[in-house]
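Encoded as structure tokens, the structure appears first; notes follow it.
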Amino acid sequence: MIKSKLEKILLKVQKPGKYVGGELNAVIKNKDEVDVRFAFCFPDTYEIGMSHLGMKILYSLFNSKPYIWCERVFAPWIDMEEQMIKNDIPLYALESMDPVSEFDFIGFTLQYELSYTNVLNMLKLSNIPLKSSDRKELTNIVVAGGPCACNPEPIAEFVDMFFIGDGEEVDLEVIELFRECKKQGKTKDEFLYLASQIKGVYVPALYDVEYNEDGTIKAFTPNREGVPKKIEKRVMMDMDNSYYPDNFVVPNVEIVHDRAVEEIFRGCIRGCRFCQAGFLYRPVREKSVDCINEQCHTLCRNTGYDEISLSSLSSSDYSQIVPLLEKLTEWSVDENVSLSLPSLRVDGFSDDILSKIKSVRKSGLTFAPEAGTQRLRDVINKNVREDELLDTCLVAFDGGYTTVKLYFMIGLPTETMDDVKGIAELGQKVVNTFYKSENRPKGKGVKVTLSSSSFVPKPFTPFQWEPQDSIETIHSKQAHIRENLTTKKISYNYHDADTSFLEAVFARGDRKLNAVLLKACEKGMRFDGWSDCFSFEKWMEVFDECGVDPHFYANRHRSFDEILPWDHIDYSITKEFLISECRKAYENQTTPHCREKCSNCGAMKHKGGVCFEKCKSMV
Amino acid sequence: MKNVRVWFKKDDACRYISHLDLNRVMIRAIQKSRLPVWHTEGFNVHPYITFSLPISLGFRGERESMDMRILDDSLKLEVIKEELNKCLPNGLTVFDVTEPKSKPSVISSAKFKMRLSCNEISVEELYSDFQTLLNSDEILVDKKTKKGIKKIDIKEYFKDTKHYDTDYDIVVRVILPAGNTTNINPTLLINALNEKYGIDVYYDITRVDVFDSEGKSFE
């Protein structure tokens, strides 16, 4: 039914191939032969969502079970949305073309705070009640996971349950529970209560919040007996034996990351103090060289991709990186498969690695020093020294490179105008390095691009108590960088401060923001991460109408003893550790990475990964 | 090394992918099939393929073709067909693999089948509007060229159009210039129809075949 209506509108929208499914390796099942139908919704466009590894893993995992049929749903772009509304077409899943409202589970992955309005809008386009309390039956169970689920409170009223931590096991446990509950004719309430007993499941309806007069949280308590006070994250400790797809859905239209992706490890040893992922995914757990090699080969054979990306938070920190690249190139060269290694660190940039990968084409190099001075880099624990960076640039210039891109953050805690000026100065030093290079490409100039984003304090980081700089301060810092540039060889661009502000509000928000999101959705707001759609004025209007002060969340300095909205979620990182890291930051002190020295963050309780690497090598 | 011409149909979901996307899909299918196809030797090594005549996004294609070079002369053409079909998404089907008889540059026309319908008016009305349009003295449309938008008269291209109406749409068959020199896209006629009558016509277009200057099917 939807299919015939679709045919009439597809040629009126951009890239209609995104909306028709039919890709290689898409899983088609008979809906009468499965017990549970799961709509995996990515709250952004097809091109972005199809590039996301987590979705690929869970899609294949769910579909490996005969009784589950998992299908994909993406947010239609505004032109398609308009046509769908005009022609009365509800949001549908790409495999069966059935409306999302027919699914047992509607699962969202929360990658980015600015996609929250898309979550709501996708429910709206599915004609499903937005609020959990308005969905009474044991169907259309809305679940969510992903990094932003670490502070679920701003969308807690819309989602029936959140999955905390790695999803591979907990998701299946919940789906199996649902299957049982459905067979036994249990109510949604009964199902939610039973689910709350599973480790890693957070059911917001089972908790009450009380507030102090100043708006901070007074108490956060379970409202039913037997509901856990803290929700501990789930962790896959044995990466070699964790499920990994041998097949990806291969899109017919071009997507953002159009290649095979192999996850080589989870977590990061570094502990940069601004980086949420660096804390959420502790401890570091690696796959073995043989496992990675086999998975890469199978993936390339099954998809036809001729490029494979070795993915992780900091790929050059893989302990066996050179043996791995050697093993992979044994077959990849013959089969015309190229390797790419994103997230390279300045100090992990060796000739050995470079000769085997193509991540850095001759056109340009990208590094992320994050801050302009050594003092501030010590504050954020980004242990990259200026001389290392300049040495690496020198090697690159000697090797024929002429463009370098440097990423920075502005508004970091303790930042002064001198630190900001340091960004421009570092750019100048890179330019000077080019002219020191004796083998630099003759007759060519150097091009250095400085790029700054605004710091967003995130939960579960040592900076979770920090205020974000006001938009005005950010603007003056951006201007300060520009004023200090003296050559046209350096260009400077920056990420919009308005969207970072909104990101900061929702990242550390509480349940009072649910009303704000609801209002925003009513006003038709979505795709806030896209400059085509984002309107700061409209957002300020919404906050105003809801009587919510966004600065309370973004720009307020919180004290260490304040109850934070996400305190009931446990990512195994102790608050004491985060506080000590925050104090060290104020004293410009760095913390060694996990392989140098254990800093006792709490992740060791999982009894594996990097925390026990040394023990293993001693045996 | 031998040249082969791969004949395929483009339909269903693959109807909605662009020429560039089609190129990518074919390259991945070749890579997955592990067929001994000749690769370019530049910086970005990839299987070398050329399409005889690009097809517009949204059109179905019944007799599309793509050329490539096979390194193993003894490889049976039937095997190429089977292996590629195992690696292509739904909507792209190889129905034959042949040795090329002529170069793609001989292509000078293409035959289209169009099904037209419109929510706003009845089929009878649409049919009479369509006939009136074809019988007018000139049919001026905007045609996008490399130099910008140009007004051209397409009446003579559509003078041998065959058409009839069914219960719910109009079926049109037409042969139009296609290839290196002149290309007339059948949607130009639909644009003219929309503009003249202020309607929004839904079209479903199939490219049935392509011909050389003597009107013989391209092989």
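Taken in sequence, the protein lines are chains R and F. Each residue of the first sequence is one higher than the one before, counting from 1 in this note's numbering. Each residue of the second sequence is one higher than the one before, counting from 620 in this note's numbering. Backbone N, C-alpha and C define an ideal beta-carbon position, used for all residues, glycine too.
- With respect to R:Leu24, F:Pro708 sits close: the two C-beta atoms are nearer than 7 Å.
- Asp631, Ala632, Cys633, Arg634, Tyr635, Ile636, Ser637, Leu639, Asp640 and Leu641: these are the residues of the segment 630-642 of chain F whose beta carbon lies less than 9 Å from some beta carbon of chain R, given in chain order.
- Three or more Cβ pairs drawn from the segment 447-461 of chain R and the segment 481-501 of chain R lie within less than 8 Å of each other, which places the two stretches in contact.
- Between R:Pro204 and R:Ser60, the C-beta gap is not smaller than 7 Å, which leaves the two residues out of contact.
- F:Lys651 reaches chain R at Leu24, Val250, Cys300, Arg301, Asn302, Thr303, Gly304 and Tyr305, counting residues in chain order whose Cβ is nearer than 9 Å.
- A residue is called buried once 16 or more other Cβ atoms fall within 10 Å of its Cβ, and R:Ala479, having fewer, is exposed.
- For the 7 Å CB-CB criterion, R:Leu114 and R:Asp528 form a contact.
- Under the three-pair Cβ rule at 8 Å, the segment 307-317 of chain R does not count as touching the segment 627-642 of chain F.
- For R:Asn432, the uninterrupted alpha helix (DSSP H) segment begins and ends at Met417 to Lys436.
- For R:Tyr112, no alpha helix (DSSP H) encloses it, and the DSSP letter there is neither H nor E.
- By the rule that beta-carbons nearer than 7 Å mark a contact, F:Gly834 does not touch chain R.
- Taking CB atoms only, R:Pro16 has a neighbour in chain F less than 7 Å away.
- Closest by C-alpha distance to F:Asp761, out of F:Phe749, F:Pro805, F:Thr751 and F:Met685, is F:Pro805.
- When 9 Å is used as the limit between beta carbons, F:Arg647 is near these residues of chain R: Leu24, Val250, Thr303, Gly304, Tyr305 and Asp306, in chain order.
- Rounded to whole angstroms, the Cβ separation of R:Phe105 and R:Val73 is 11 Å, and the two are not in contact under 8 Å.
- If you ignore the 5 residues before and after F:Ile794, its C-beta comes within less than 8 Å of the C-beta of Ser728, Ala729, Lys730, Phe731, Asp779 and Phe830, all in its own chain and listed in chain order.
- The residues Glu157 and Phe158, in chain order, have a CB closer than 7 Å to that of R:Lys131 in the same chain once the five nearest residues on each side in sequence are set aside.
- The segment 751-767 of chain F makes no contact with the segment 818-837 of chain F: fewer than 3 CB pairs, one atom from each, lie closer than 8 Å.
- For R:Ala260, the enclosing beta strand (DSSP E) starts and ends at Ala260 to Glu263.
- Per DSSP, the beta-bridge partners of R:Leu310 are R:Glu262.
- Taken atom to atom, the span from the alpha-carbon of R:Gly22 to that of R:Glu95 is near 7 Å.
- For the pair of segments examined, the segment 45-56 of chain R was found not to touch the segment 190-206 of chain R: the number of CB pairs separated by less than 8 Å stays below three.
- Residues of chain R with a Cβ closer than 8 Å to the Cβ of F:Tyr746 do not exist; the shortest Cβ-Cβ separation is about 19 Å.
- Within 10 angstroms of the beta-carbon of F:Leu690 lie fewer than 16 other beta-carbons, which makes it exposed.
- Under the 7 Å criterion on CB atoms, F:Val790 is classed as non-interfacial with respect to chain R.
- Relative to the Cα of R:Arg282, the nearest Cα in the group R:Ile175, R:Ile269 and R:Ile292 belongs to R:Ile269.
- DSSP places R:Ala585 in the uninterrupted alpha helix (DSSP H) bounded by Lys575 to Tyr586.
- Comparing alpha carbon positions, the residue from R:Ile308, R:Asp258 and R:Val322 closest to R:Ser288 is R:Val322.
- DSSP places F:Cys633 within a helical segment (H, G or I) once states are collapsed to three.
- Chain-ordered, the chain F residues with CB closer than 7 Å to the CB of R:Leu11 read Gly677.
- Note on F:Ser724: under 16 other CB atoms within 10 angstroms of its CB, so exposed under the neighbour-count rule.
- Per the DSSP secondary-structure output, F:Asp823 pairs in a beta bridge with F:Arg734.
- Around the C-beta of R:Thr117, 16 or more other C-beta atoms lie within 10 Å, and the residue is accordingly described as buried.
- Taking a Cβ-Cβ threshold of 8 Å, none of the residues of chain R is close to F:Asn813; the smallest such distance is about 12 Å.
- Exclusion of the five residues before and after R:Asp398 leaves Ser437 and Asn439 as the residues of its chain whose Cβ lies within less than 6 Å of its Cβ.
- DSSP, read as helix, strand or coil, puts R:Glu545 in helix.
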